[in-house]
Structure formats: C-alpha cells, structure tokens
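Asker: Residue numbers (this note's numbering): 10 to 252. Glycine included, each C-beta is placed from N, C-alpha and C at the ideal position. Please see the structure below; I have some questions.
As structure tokens, then:
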C-alpha cells in the first residue's frame, strides 16, 4: 500500500512576512512576488508526475485568510479544470488551520513586542494579551491532526491504492512550526505546539530553530507498512530566498 501523507504549505510572501510583523487575523494579501512564487510552485511541483499529485488528494483544509486561500488557488492553477472542480468539492475553509490569533501583538515586530512586554516575555510560553492562549492553539492543532489521521485511516482500511490518500493543508508559519508542549510539564512551562512538532511528537526544544519559508512545502508521513508511527518526509521544500 502507498503510504498516505499530509502536505502542509505556508502561504506565499506578504508585505508583513517580509518585515516580520505578526500576522494573525489581519487579511494581508500576497505580494506580486508571492503570487509569482506560488504560480511557479504550481508548475514545478503539482501534477501527475509532480511532488504534489492532485489525483491523490483526499481532503484539503485551507485557512480562511485571503493569503492562504489565494495561495491554494494559485497552487492548483496548473491543474485541469475538471480535476480542480473535484478538488473544490474536497476543500474545507477551516478556522482550525488559521494562524495563531495574536491579540495585542497583531501587526507588531519582534523588537516591538520585546519593548512592550519586556525581555523575559516569550511568545511561545506566555502568549499575547487578548489573543489565543498556548493551550487553545495546542488543542486546535491536535484536533487537526485527528482529522488528518481519520482521512488516512479510511484510505488504509479500504486497502485500495486507486483511492486518494493525501491531505493538503494551506496555512501559516507559526501554525506549522512553532514549539511543542510535549515536555512542558518537566520545565514548568506551557509551550505552543506547532503542527509539524506535534505530528512528530517531539520535545519543545526541537521547534525553536525551525524556519518555514513563505510558499514552502512540508510533508508528514508514516513509517512503512503502517499508519501508527508518524514521520517527517520533507521540510521547507521549494522555498525561495527572502526578498
């Protein structure tokens, strides 16, 4: 049996991703470079012989933010229209895969946050006043993983490789990579658990040096011949140099 995968793509470049502003609920569009970046990714990585094969996509979950929805639209732009229509029926605009809601930190750069909250403040531990708590986003991401695994389990139980097996998520930077909560109890901290770290069940330290570039592809999978032990098959693929 072909192993099912979860493919997580961060939206393309925006003005705020260039200058480091925290972009949660703000609807910031892609830059011209961001649009070109994703359109090129579609031609390079999407297709029957590409890294992302549309006929294998069972479900798509996309953030409601315009930068994510536009990224999905451009990503599938090279797919024939009948197949795009089929994928549209498999697509859910899902609040569960939106970016962390930053509250009072929305639109601020890291230096501005340190100045406002002090040098001891850590966003992955302390969260943002008026925003989503670390516990809330951790619960949200675990719910997404449960939904992904349910799709994979249906494919696995059908035992039919002609069936679609993969899940595509189009989301955001902190949702995808930020630190894990799995060892929080041992250090007396509550840490946010990003999707990739949660998928791999890694300790929180593993996330602090990860960078997920705009428009990059990340792939989670399983060890051969089962869907019990999760693995990382690709990280920050097809990323472009920053502006």
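Counting along the chain, where does the beta strand (DSSP E) carrying residue 226 start and finish?
Answerer: Unbroken beta strand (DSSP E) run through residue 226: 226-231.
Asker: Do residue 37 and residue 73 have their C-beta atoms within less than 9 Å of each other?
Answerer: Not in contact: residue 37 and residue 73 (Cβ atoms no closer than 9 Å).
Asker: Starting from the Cα of residue 105, find the closest Cα among 231, 165, 238, 154 and give me that residue.
Answerer: It is 154 whose Cα lies nearest to the Cα of residue 105.
Asker: To the nearest angstrom, how far is it from the Cα of residue 234 to the Cα of residue 10?
Answerer: Roughly 7 Å between the two C-alpha positions.
Asker: Determine the direct distance from the alpha carbon of residue 160 to that of residue 68, and round the result to whole angstroms.
Answerer: Going from the Cα of residue 68 to the Cα of residue 160 covers about 8 Å.
Asker: Who are the near neighbours of residue 117 in its chain, counting only those whose CB is closer than 6 Å to its CB and skipping five residues on each side?
Answerer: Within the same chain, residue 117 has close Cβ partners 31.
Asker: Buried or exposed for residue 220, please, with buried defined as at least 16 other CB atoms from any protein chain shown within 10 angstroms of its CB.
Answerer: Looking at its Cβ environment, which holds fewer than 16 other Cβ atoms inside 10 Å, residue 220 is exposed.
Asker: Determine the contact status of residue 63 and residue 71, defining contact as a CB-CB distance below 9 Å.
Answerer: Not a contact, by the Cβ cut-off of 9 Å.
Asker: From this set, 108, 177, 84, which residue's C-alpha is nearest residue 229's C-alpha?
Answerer: Cα-wise, what sits closest to residue 229 is 177.
Asker: Quick one: what's got a C-beta closer than 6 Å to residue 236's C-beta in the same chain, skipping five residues either side?
Answerer: Within the same chain, residue 236 has close Cβ partners 161, 165.
Asker: Can residue 87 and residue 52 be called in contact, C-beta distance under 9 Å?
Answerer: Contact: yes.
Asker: In chain order, what residues of the same chain lie with their CB nearer than 7 Å to the CB of residue 182, ignoring the 5 residues before and after it?
Answerer: Correct list, in chain order: 19, 221.
Asker: Alpha carbon to alpha carbon, how far is residue 34 from residue 114?
Answerer: For residue 34 and residue 114, the distance between alpha carbons rounds to 11 Å.
Asker: Which same chain residues end up closer than 7 Å to residue 100 when comparing Cβ atoms and leaving out the 5 residues on each side of it in sequence?
Answerer: So the list reads 69, 71, once near-sequence residues are dropped.
Asker: Use the C-beta contact count for residue 175: other C-beta atoms within 10 angstroms, 16 or more gives buried, fewer gives exposed.
Answerer: Classification for residue 175: buried.
Asker: Can you tell which of 170, 185, 205, 145 has its C-alpha closest to the C-alpha of residue 12?
Answerer: Minimum Cα distance to residue 12 is reached at 170.
Asker: With distance defined between alpha-carbon atoms, name the residue in 142, 90, 147, 180 nearest to residue 108.
Answerer: Closest option to residue 108, Cα to Cα, is 180.
Asker: Please name the residue in 46, 207, 247 whose C-alpha comes closest to that of residue 149.
Answerer: Ranking 46, 207, 247 by Cα distance to residue 149 puts 207 first.
Asker: Quick one: grab the DSSP three-state call for residue 153.
Answerer: Correct three-state label for residue 153: helix.
Asker: Can you tell me the Cα-Cα spacing of residue 192 and residue 89, whole angstroms?
Answerer: Only weak support is given to the placement of residue 192: the predicted model assigns it a pLDDT of 34, under 50, and the question is left unresolved by the model.
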